[in-house]
Amino acid sequence: SSATARGGFITLVGGPTFYTGDGRQIYETAIRLQQLSDGTEGFRIRCGFVQSNALAIFDGIFVQYEDDINSGKWQLAARDDNNAADTGSVNFDMTVAINTWYRITLEINSIGSSVTATIWNGTTTESKTLSSGLTDTDEAMAVASYLYKTSGTGAVSFDCDYISLRTFTAER
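Numbering-wise (my numbering), the sequence shown opens with residue 146 and increments by one.
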């Protein structure tokens, strides 16, 4: 592994697959970390809607974890308009732990103006909503759960049980 290695799951065959604002979209995944990010072996996990699996993605709506983001707790973040920095974010209170399965759900409303993220760790559920800095509805997205190394050369991994995307073109 290198300091910039990455791995995970992303639906980018032939390019991004859908646009926000094309109906209500619900992304869900279940992941488990084998180790925590730290100053020696740093990595970022992102789960949600993205344009690529690079560290410096420019458009996306995702839940992320790294030891130097929100003191090692989950964060809901968004990037828009080819911006390599988060254009909107809200912090979770839930601290990330190893060997714990997390079910992460993101629901974008039908017009793409708001996203609610819910994280369940087997005993506790926490939800946060973000409605600022979201990706424009003209930005094509893919779904992903991936890990990107930020420092160190040791191997790191995570388990992903599934990724699901449901799209509702009419309100239900």
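Positions of the beta carbon are idealized from the N, C-alpha and C atoms, including for glycine. Just so you know, these numbers come straight off a predicted model, no measurement behind them.
Rounded straight-line distance, which links the Cα of residue j to that of residue i
i    : j    : result
I206 : R311 : 16 Å
S146 : G193 : Bear in mind that the predicted position of S146 carries a pLDDT of just 46, short of 50, making it unreliable; the figure below should be weighed with that in mind. Rounded to whole angstroms, S146 to G193 spans 24 Å at the Cα level.
S182 : F188 : 5 Å
Y318 : Q220 : Absent from the structure is residue 318, since the part of the chain shown begins at 146 and ends at 317.
T250 : T298 : 31 Å
W246 : E252 : 20 Å
S258 : E271 : 21 Å
T174 : T295 : 23 Å
F163 : R248 : 22 Å
D213 : Y291 : 18 Å
N223 : N266 : In the sequence under discussion, the amino acid at residue 223 is Ala, which differs from the Asn named in the question. Spanning the two alpha carbons is a distance of roughly 22 Å.
Q209 : G184 : 17 Å
Y293 : Q180 : 14 Å
Residue i in three-state terms, based on DSSP
i    : result
N215 : helix
S296 : coil
A222 : strand
L275 : strand
T174 : strand
L310 : strand
N236 : strand
I256 : coil
L251 : strand
V208 : strand
A242 : coil
T261 : strand
For residue j and residue i, believed in contact at Cβ under 8 Å, the rounded distance
i    : j    : result
A285 : Q196 : 7 Å
M239 : T269 : 7 Å
I176 : D304 : 6 Å
One or two residues paired with residue i in a DSSP bridge
i    : result
V301 : V301 is not bridged to any residue.
A287 : V195
T268 : DSSP, once it has assigned bridges, lists no residue as partnering T268.
Cβ-heavy atom distance, residue i to the ligand ADP, below 7 Å
i    : result
N244 : Ligands are entirely absent from the displayed structure, and the ligand ADP is therefore not among its contents.
Under 8 Å between C-beta atoms of residue i and residue j
i    : j    : result
L178 : I243 : yes
G166 : T282 : yes
G217 : G278 : no
E88  : V301 : Residue 88 cannot be examined here, being either before or after the span of the chain that is shown, 146 to 317.
S255 : R191 : no
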